[in-house]
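**Q**
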Amino acid sequence: MDKKCILAQVCKTWRKVLYQPMFWEGVTPILHAKELYTILLNGEKEFVSLQAFALRGFQSFCLVGVSDLDICEFIDNYPLSKKGVKSSLFLYLSICKVMLEQMQGLMHLELSGCNDFTEAGLWSSLNARLTSLSVSDCINVADDAIAAISQLLPNLSELSLQAYHVTDTAMAYFTAKQGYTTHTLRLNSCWEITNHGVVNMVHSLPNLTSLSLSGCSKITDDGVELVAENLRKLRSLDLSWCPRITDMALEYIACDLHKLEELVLDRTWKE
-11 MDKKCILAQV CKTWRKVLYQ PMFWEGVTPI LHAKELYTIL LNGEKEFVSL QAFALRGFQS
49 FCLVGVSDLD ICEFIDNYPL SKKGVKSSLF LYLSICKVML EQMQGLMHLE LSGCNDFTEA
109 GLWSSLNARL TSLSVSDCIN VADDAIAAIS QLLPNLSELS LQAYHVTDTA MAYFTAKQGY
169 TTHTLRLNSC WEITNHGVVN MVHSLPNLTS LSLSGCSKIT DDGVELVAEN LRKLRSLDLS
229 WCPRITDMAL EYIACDLHKL EELVLDRTWK E
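Each residue of the sequence shown is one higher than the one before, counting from -11 in my numbering.
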């Protein structure tokens, strides 16, 4: 990637060649709030030109520490923002309603460290076109956030959640349609989830092919047995940092999960 950036500075011809979108597929630019503006001689701020990003056809961005105004400026200044951007990661964001309303092509959204973002914000901003959502290190996220996700995202195929206050109850909120569409669920460090939550989850989302319970430290062998008996389509299972599981859990997995291709057991020991 560094070589591409350097070679693009050699001459206009090289830049024209290397700025073709096919060379930048899968790349996500990271823009910090302080990098979005230049200071003019009169002291005023001017939003930077994003034309170079548009030429390369970037379909995803990571915006760090941005405000509502910054998002509006980004949407106004990035030519592909209305339809072309399909994936966005926001760090330390307060609200994303404006962004979701304006960026009509957005299908994948990640929110990380957005401590001012509330469950009410999810209810008011989530759009049904989203198929992938990741929420991590957002301290105000609990069961009501799952209720919002289940009601507002009928086409959800992938959900990643790191939320310390989500309980077993939330695992029963997923709708019948999500039971068919959702194939990936990552519950990372959801400390309040117990085997009862696993019961709710396996009945709500029976078609999962990838499941992570990493850091769900209250899950025991009984929970793994429920997973093995009910989620026979699983190809990937992550049980890392689950200290209460034993060799018995491996027996359940070996007996029932015949399609499993990946199993993660990192740090699964008892103190």
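Just so it is clear, CB atoms sit at the ideal spot from N, CA and C, and this is done for glycine as well.
For clarity, every value in this text was computed on a predicted model and none was experimentally measured.
Specify the secondary structure class of Asp132 as computed by DSSP and reduced to three states.
**A** DSSP places Asp132 in helix when its eight states are reduced to three.
**Q** Between the alpha carbons of Arg3 and Leu214, how many angstroms are there, rounded?
**A** Taking the straight line joining both Cα atoms gives about 55 Å.
**Q** Secondary structure at Leu238, three-state DSSP: helix, strand or coil?
**A** DSSP places Leu238 in helix when its eight states are reduced to three.
**Q** Assuming Arg220 and Asp244 are in contact, meaning their beta carbons sit under 8 Å apart, how far apart are those beta carbons, in whole angstroms?
**A** Yes, Arg220 and Asp244 are in contact; Cβ-Cβ is about 7 Å, under 8 Å.
**Q** With 16 other CB atoms within 10 Å as the buried threshold, where does Leu94 fall?
**A** Buried is the call here.
**Q** Which residue or residues does DSSP assign as beta-bridge partners of Arg174?
**A** The partner list for Arg174 (beta bridge, DSSP) reads Ser148, Ser200.
**Q** Do you know offhand how far Leu201's Cα is from Leu121's?
**A** Their backbone Cα atoms lie some 17 Å apart in a straight line.
**Q** Roughly how many whole angstroms lie between the Cα atoms of Thr106 and Leu253?
**A** Roughly 33 Å separates the two Cα atoms.
**Q** Is it right to say Lys247 is buried, meaning 16 or more other beta carbons lie within 10 angstroms of its own, or is it exposed?
**A** Under this definition Lys247 is an exposed residue.
**Q** Rounded to a whole number of angstroms, what is the C-alpha to C-alpha distance between Asn218 and Gly167?
**A** About 13 Å.
**Q** In three-state DSSP terms, what is Lys221?
**A** Coil at Lys221, not helix or strand.
**Q** Classify Tyr66 as buried or exposed, calling it buried when 16 or more other Cβ atoms lie within 10 Å of its own Cβ.
**A** Its Cβ being crowded by 16 or more others within 10 Å, Tyr66 is buried.
**Q** Suppose you measure from the CA of Leu6 to the CA of Ile18; what does that come to, to the nearest Å?
**A** The straight-line gap from Cα to Cα measures roughly 19 Å.
**Q** So is Tyr240 buried or exposed if we call it buried at 16+ other beta carbons inside 10 Å?
**A** Classification of Tyr240: buried, given that the 10 Å Cβ count is 16 or more.
**Q** With which residues is Asp226 paired in a DSSP beta bridge?
**A** According to DSSP, which records beta bridges pairwise, Asp226 is partnered with Ser200, Val252.
**Q** Note down the Cα distance separating Leu147 from Pro194, rounded to an integer number of angstroms.
**A** Rounded to the nearest angstrom, the two C-alpha atoms are 14 Å apart.
**Q** So what does DSSP say about Lys33, is it helix, strand or coil?
**A** In the structure shown, Lys33 sits in a strand (DSSP, three-state: E or B).
**Q** Spatial neighbours of Ala21 within its chain, please: C-beta separation below 8 Å, excluding the five flanking residues on both sides.
**A** Leu51, Val52, Gly53, Val54, Ser55, Asp58, listed in sequence order.
**Q** Tell me, please, which residues DSSP counts as bridged to Leu19.
**A** DSSP, once it has assigned bridges, lists Leu51 as partnering Leu19.
**Q** DSSP puts Thr26 in a beta bridge; with which residues?
**A** DSSP lists Glu34 as partners of Thr26.
**Q** Within 10 angstroms of its Cβ, does Glu89 collect 16 or more other Cβ (buried), or is it exposed?
**A** Exposed is the call here.
**Q** Taking 8 Å as the limit between beta carbons, can you name the residues of its chain near Leu227, skipping five residues before and five after?
**A** Contacts found: Leu201, Ser202, Ile207, Val212, Ile233, Ala237, Leu251, Val252, Leu253, Thr256.
**Q** Per the DSSP calculation, Ser122 is bridged to which residue(s)?
**A** BP columns for Ser122 point to Glu98, Ser148.
**Q** Thr1 to Gln8, Cα distance in whole Å?
**A** Answer to the nearest angstrom: the Cα atoms are 12 Å apart.
**Q** Hey, how far is the Cα of Met189 from the Cα of Phe11?
**A** Approximately 40 Å, taken between the alpha carbons.
**Q** From what residue to what residue does the alpha helix (DSSP H) around Phe62 run?
**A** Segment 56 to 65, the alpha helix (DSSP H) holding Phe62.
**Q** Apart from the five residues just before and just after Arg44, which ones in its own chain have a Cβ nearer than 7 Å to its Cβ?
**A** Within the same chain, Arg44 has close Cβ partners Tyr7, Pro9, Trp12.
**Q** If you follow the alpha helix (DSSP H) that Lys165 is in, where does it begin and where does it stop?
**A** Element bounds for Lys165: 164 to 169.
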